[in-house]
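Input: a single structure, listed below in structure tokens.
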Amino acid sequence: TPRVFSGIQPTNHLQLGNYLGAVKRFVQMQDEGMETIYCIVDLHAITASFQEPAKLRHATRELAAAYIASGLDPAKSILFNQSQVPQHTELGWIFNCVARMGWMNRMTQFKDKAGKNAEKASLGLYAYPSLMAADILAYHATHVPVGEDQKQHVELTRDIAAKFNHDYGVEFFPETQPIIEGAATRVMSLRDGTKKMSKSDPSDASRINLTDDADTIAKKIRKAKTDPEPLPETTDGLADRPEARNLVNIYAALAGTTRDAVIAEYGGAQFGTFKPALAELAVEKLAPISTEMSRLMDDPAEIDRILGEGAERAANVAEPIIAKTYDIVGFVRSR
Ligand code: AQP
Numbered sequence: 005t006p007r008v009f010s011g012i013q014p015t016n017h018l019q020l021g022n023y024l025g026a027v028k029r030f031v032q033m034q035d036e037g038m039e040t041i042y043c044i045v046d047l048h049a050i051t052a053s054f055q056e057p058a059k060l061r062h063a064t065r066e067l068a069a070a071y072i073a074s075g076l077d078p079a080k081s082i083l084f085n086q087s088q089v090p091q092h093t094e095l096g097w098i099f100n101c102v103a104r105m106g107w108m109n110r111m112t113q114f115k116d117k118a119g120k121n122a123e124k125a126s127l128g129l130y131a132y133p134s135l136m137a138a139d140i141l142a143y144h145a146t147h148v149p150v151g152e153d154q155k156q157h158v159e160l161t162r163d164i165a166a167k168f169n170h171d172y173g174v175e176f177f178p179e180t181q182p183i184i185e186g187a188a189t190r191v192m193s194l195r196d197g198t199k200k201m202s203k204s205d206p207s208d209a210s211r212i213n214l215t216d217d218a219d220t221i222a223k224k225i226r227k228a229k230t231d232p233e234p235l236p237e238t239t240d241g242l243a244d245r246p247e248a249r250n251l252v253n254i255y256a257a258l259a260g261t262t263r264d265a266v267i268a269e270y271g272g273a274q275f276g277t278f279k280p281a282l283a284e285l286a287v288e289k290l291a292p293i294s295t296e297m298s299r300l301m302d303d304p305a306e307i308d309r310i311l312g313e314g315a316e317r318a319a320n321v322a323e324p325i326i327a328k329t330y331d332i333v334g335f336v337r338s339r
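Numbered per UniProt numbering, the sequence shown spans residues 5 to 339.
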């Protein structure tokens, strides 16, 4: 039976790319009645750089609030933070011994995040995709909704599962499908159309945060980098115009329509017309989420309760899978 798993790191505030590329799809899959497990991957959050403990705690609760405010229902989906379910790291270690150095060396996100000085990157950042494979496979998840930047990691998950199954001569871990759908699977920075929008970009103007108020959203869109031409009459005309394409994609994803439909309406329009329309749409869609988020954040104890309950349910699913894995590997368990 299909089972959906995905996660987001509690680093900084959620940005529009996370929402359109991931969270929106999470909620749809839940509402389609699929079995859905959504995680706040706090163990991953400490891989790229030092996280101030109070900030990490806050970001974890805020991400839970963002999920719920976006429509994730803890009664329908399992919602929890990764560090409360030890099975992730247990399976992660085994996968560290299955994954090959050569495979990890090909991960483009490690290269992006480690930057020029890979010697200074943490071992955790290097092993991140192996832990991510464990996050997914600890639940035997079959479907993983993600943005385009995570495609390579889901492919690695399949390689790890296949090698484990082959080495031990079992048909145990399933083949996982990445689900990368919609008009905004790769939202780009508002300051540079060739760079992806990211929570940890030093420039706050490069992204729209789910916590931004209406004025801030409108201002960031008004100031977004564009070329001087009007929008093209056909979507083909967006091919070598990354900034224009990005804004059209964002519009389409927020409106729940296609790029073609947006161009049918705004083809030939100047950015002076299109940007205010986009800002209005973004505020209409995002303001209710940020209002609900701040309401939920007034009661952190309730958020912690939800995460604890979710963690218990998650552990109930993962525990027998990890027990079986240990058995397959040959670890003696006598207590
Ligand atoms: N720009 C984006 N467009 C579409 N989808 C995106 N995602 C991230 N950025 C975009 C998707 O959001 C989910 C969660 O991502 P993550 O928290 O695991 O980390 P990330 O991919 O590294 O995202 P960020 O925002 O760039 O975070 P930081 O700055 O902390 O590294 C994933 O499904 C991702 O594809």
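Using N, Cα and C, we set each Cβ at its ideal position, and we do this for glycine too. These figures come from a predicted structure and were not determined experimentally.
Check: residue i C-beta below 7 Å from any heavy atom of the ligand AQP
i: Asp-153; result: yes
i: Lys-200; result: yes
i: residue 340; result: Outside the shown range of the chain (5 to 339) lies residue 340, about which nothing can therefore be said.
i: Thr-238; result: no
i: Lys-120; result: no
i: Thr-180; result: no
i: Val-21; result: Residue identity differs from the one stated: residue 21 is Gly in this sequence, not Val. For the ligand AQP, at least one heavy atom lies less than 7 Å from the Cβ of Gly-21.
i: Arg-263; result: no
i: Ile-267; result: no
i: residue 392; result: Residue coverage of the chain in this structure runs from 5 to 339, which leaves residue 392 outside it and unanswerable.
i: Thr-51; result: no
i: Val-150; result: yes
i: Ser-10; result: yes
i: Thr-189; result: yes
i: Gln-34; result: no
i: Thr-215; result: no
i: Lys-203; result: yes
i: Thr-146; result: no
i: Gln-274; result: no
i: Thr-161; result: no
i: Gln-91; result: no
i: Thr-15; result: yes
Contacts around residue i, its chain only, beta-carbon distance under 8 Å, and the 5 residues preceding and following it disregarded
i: Thr-180; result: Ile-140, Leu-141, Ala-145, Thr-146, His-147, Val-148, Val-158, Thr-161, Arg-162 and Ala-165
i: Thr-198; result: Met-192 and Pro-246
i: Lys-229; result: Leu-194, Arg-195, Asp-196, Gly-197 and Glu-247
Residues bridged to residue i [DSSP beta-bridge criterion]
i: Ser-298; result: Beta-bridge pairing links Ser-298 to no other residue.
i: Pro-182; result: Val-148
i: Cys-43; result: Gly-11 and Phe-84
i: Ala-213; result: Note that residue 213 is Asn in the sequence shown, not Ala. Beta-bridge pairing links Asn-213 to Gln-19.
i: residue 344; result: Outside the modelled stretch of the chain, which goes from 5 to 339, sits residue 344, for which no answer is possible.
Cβ-Cβ separation, residue j to residue i (assumed contact under 8 Å), whole Å
i: Gln-91; j: Glu-323; result: 6 Å
i: Ala-210; j: Arg-226; result: Inspection of the sequence shows that residue 210 is occupied by Ser rather than by Ala. Ser-210 to Arg-226, Cβ: 14 Å. No contact.
i: Pro-14; j: Ile-44; result: 5 Å
i: Ala-286; j: Leu-251; result: With 8 Å as the limit, Ala-286 and Leu-251 do not qualify as a contact, their Cβ atoms being about 10 Å apart.
i: Gly-96; j: Ala-138; result: 4 Å
i: Arg-7; j: Tyr-143; result: 6 Å
i: Arg-190; j: Asp-153; result: 7 Å
i: Ala-248; j: Asp-231; result: 6 Å
i: Tyr-330; j: Arg-337; result: 6 Å
i: Ala-305; j: Asn-253; result: Actually they are not in contact, since the Cβ atoms of Ala-305 and Asn-253 sit about 39 Å apart, beyond 8 Å.
i: Gln-113; j: Asp-77; result: Gln-113 to Asp-77, Cβ: 30 Å. No contact.
i: residue 398; j: Ile-221; result: The structure shown does not extend to residue 398, since the chain spans only 5 to 339, so no value can be given for it.
Cβ-based neighbour list, residue i, same chain, cut-off 7 Å, excluding 5 preceding and 5 following
i: Ala-131; result: Asn-100
i: Ala-273; result: Pro-234 and Leu-235
i: Ala-26; result: Ser-10, Ile-12, Pro-149, Val-150 and Gly-151
i: Val-89; result: Ala-315, Ala-318, Ala-319 and Ala-322
i: Ala-268; result: none
i: Leu-300; result: Ala-69, Ile-72, Ala-73 and Ile-307
i: Gly-75; result: Val-31
i: residue 2; result: Any answer about residue 2 is impossible in this case: the structure gives the chain only from 5 up to 339.
i: Leu-60; result: Pro-14, Asp-46 and Ala-49
i: Asn-169; result: Glu-175, Phe-176 and Phe-177
i: Ala-118; result: Ala-125 and Leu-129
Same chain only: Cβ atoms within 6 Å of residue i, ignoring 5 sequence neighbours per side
i: Ala-103; result: Ser-134 and Ile-164
i: Asn-213; result: His-17 and Gln-19
i: Gln-86; result: Cys-43, Val-45, Asp-46, Leu-47 and His-92
i: Glu-94; result: Ile-326
i: Lys-289; result: Leu-258
i: Ala-63; result: Pro-14
i: Tyr-270; result: Leu-235 and Phe-278
i: Thr-215; result: His-17 and Ser-294
i: Arg-65; result: Pro-304 and Ile-307
i: Lys-167; result: Val-102
i: Asp-171; result: none
i: Ser-81; result: Gln-34, Thr-40 and Tyr-42
Short CB-CB distance (under 8 Å) between residue i and chain D
i: Glu-152; result: The chain labelled as chain D is not found in the depicted structure, where only one protein chain is given.
*At which residue ranges does the stretch 77-141 contain complete beta strand (DSSP E) runs of 3 or more residues, listed in the order of the chain?*
For the stretch 77-141, the continuous beta strand (DSSP E) assignments of 3+ residues that do not extend past its boundaries occur at 82-85, in sequence order.
*asked:* Give the list of continuous alpha helix (DSSP H) stretches no shorter than 4 residues that lie fully inside the stretch 239-316.
replied: Those alpha helix (DSSP H) runs which fall completely within the stretch 239-316 and span 4+ residues are 246-259, 263-270 and 275-301.
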